[in-house]
Amino acid sequence: MQVVVAALIVCHAAEPPAPQWSGEEYRNLTLRRLRTCVENEQYLHQGLCCLNCKEGTFVQKPCEGDLEEGTCVSCEHGQTYTEHPNGMNRCLPCTHCRPDERVITPCTTTTDTKCECKPGTFCVPDQACEVCKRCAKCKAGEEEVKNCTPFSNTVCRKRDPSPTETVTPRSPPVSDPPTNTCKFHTS
19 MQVVVAALIV CHAAEPPAPQ WSGEEYRNLT LRRLRTCVEN EQYLHQGLCC
69 LNCKEGTFVQ KPCEGDLEEG TCVSCEHGQT YTEHPNGMNR CLPCTHCRPD
119 ERVITPCTTT TDTKCECKPG TFCVPDQACE VCKRCAKCKA GEEEVKNCTP
169 FSNTVCRKRD PSPTETVTPR SPPVSDPPTN TCKFHTS
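The opening position of the sequence shown corresponds to residue 19 in our numbering, with each subsequent residue numbered one higher.
Structure (C-alpha cells):
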C-alpha cells in the first residue's frame, strides 16, 4: 500500500499546479526559473533576461519583456557613477579623497574619483594605506637616488667621496724644535 501512495504523490507533483496554467505556459514558467542570462550583457528579473543599462546609468524600472531594456537613468555627475554596463538598481557613490590626498581625476558618471597622496607624502601601491606617510630626507653623507613620489618613498645611498672632497689624514701639529734651556753651571 505504501508503494502505491508514493507513486501517486510523484504523479501528482508532475502535473501543472493549477488549472489556469496551460501545459505550454507552465513549461515556460519552469524554463524561466532555470534560465541564466548572458553575463555582462543581461540581468535576470522575474524570470526575464533584461538587457543591461549602459555605463553611467542604472536600472530605474526593469524590463517587462524578455531581452528588452528597462528604464535606465543617468547617475548624478560628481556624486555617483557606474563604470560598466549593469543591472544595478542604483549608481555607486563617488570616492571622496582624504585630507592628506588630492584629487587627480574627478568623479564622472562613468569613473570614480582618483586620489593620490599630496606632495611630500606617499603610499605604496598594493599595500593598505589608511594615511599617507611623510617622505624620507637623506641624511648627511647620503645622496638622493630617487625622488619621493605619491607612490614611493625617497631612495638614498651613501655618497662616494669625490676627488675634491678627499679627506687627508690629520698629522699632529708641527711645533718648533725644542730649545735647549738647560744652563751649565761653572764654578
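Note that beta-carbon positions come from the ideal geometry of N, C-alpha and C, so glycine has one too.
Chain-order list of residues whose beta-carbon lies under 6 Å from that of residue i (same chain, five-residue window excluded)
i: Pro168; result: Glu134, Cys135 and Phe140
Sequence-distant residues of its chain with Cβ nearer than 7 Å to residue i (five each side left out)
i: Cys55; result: Tyr61, Leu62 and Cys67
i: Val121; result: Cys115, Thr131 and Cys133
i: Glu73; result: Thr100, Glu101, His102, Pro103 and Thr128
i: Thr48; result: Note that Thr48 has pLDDT 49, beneath the 50 cutoff, so the model's placement of it is unreliable and no number is given.
i: Asp118; result: Cys135, Lys136, Thr139, Val149 and Cys150
i: Ala158; result: none
i: Lys79; result: Gly88 and Thr89
For residue i, the three-state DSSP class (helix, strand or coil)
i: Phe169; result: coil
i: Gln60; result: strand
i: Val121; result: strand
i: Gln78; result: strand
i: Leu85; result: coil
i: Asn104; result: strand
i: Arg152; result: strand
i: Thr127; result: coil
i: Glu134; result: strand
i: Glu73; result: coil
i: Lys164; result: strand
i: Thr98; result: strand
i: Arg175; result: strand
i: Pro111; result: strand
Distance CB(residue i)-CB(residue j) smaller than 7 Å
i: Cys71; j: Thr127; result: no
i: Lys176; j: Glu160; result: yes
i: Cys147; j: Thr172; result: no
Anticipated Cβ contact below 8 Å, residue i with residue j, distance rounded
i: Asn107; j: Val77; result: 6 Å
i: Cys112; j: Thr98; result: 6 Å
i: Glu86; j: Leu69; result: 6 Å
Proximal residues to residue i (C-beta, below 8 Å), its chain only, five neighbours per side dropped
i: Ser189; result: Legend: pLDDT at Ser189 = 46, less than 50; position of this residue unreliable, value from coordinates given subsequently. The answer is none, since no qualifying residue turns up.
i: Pro143; result: Phe169
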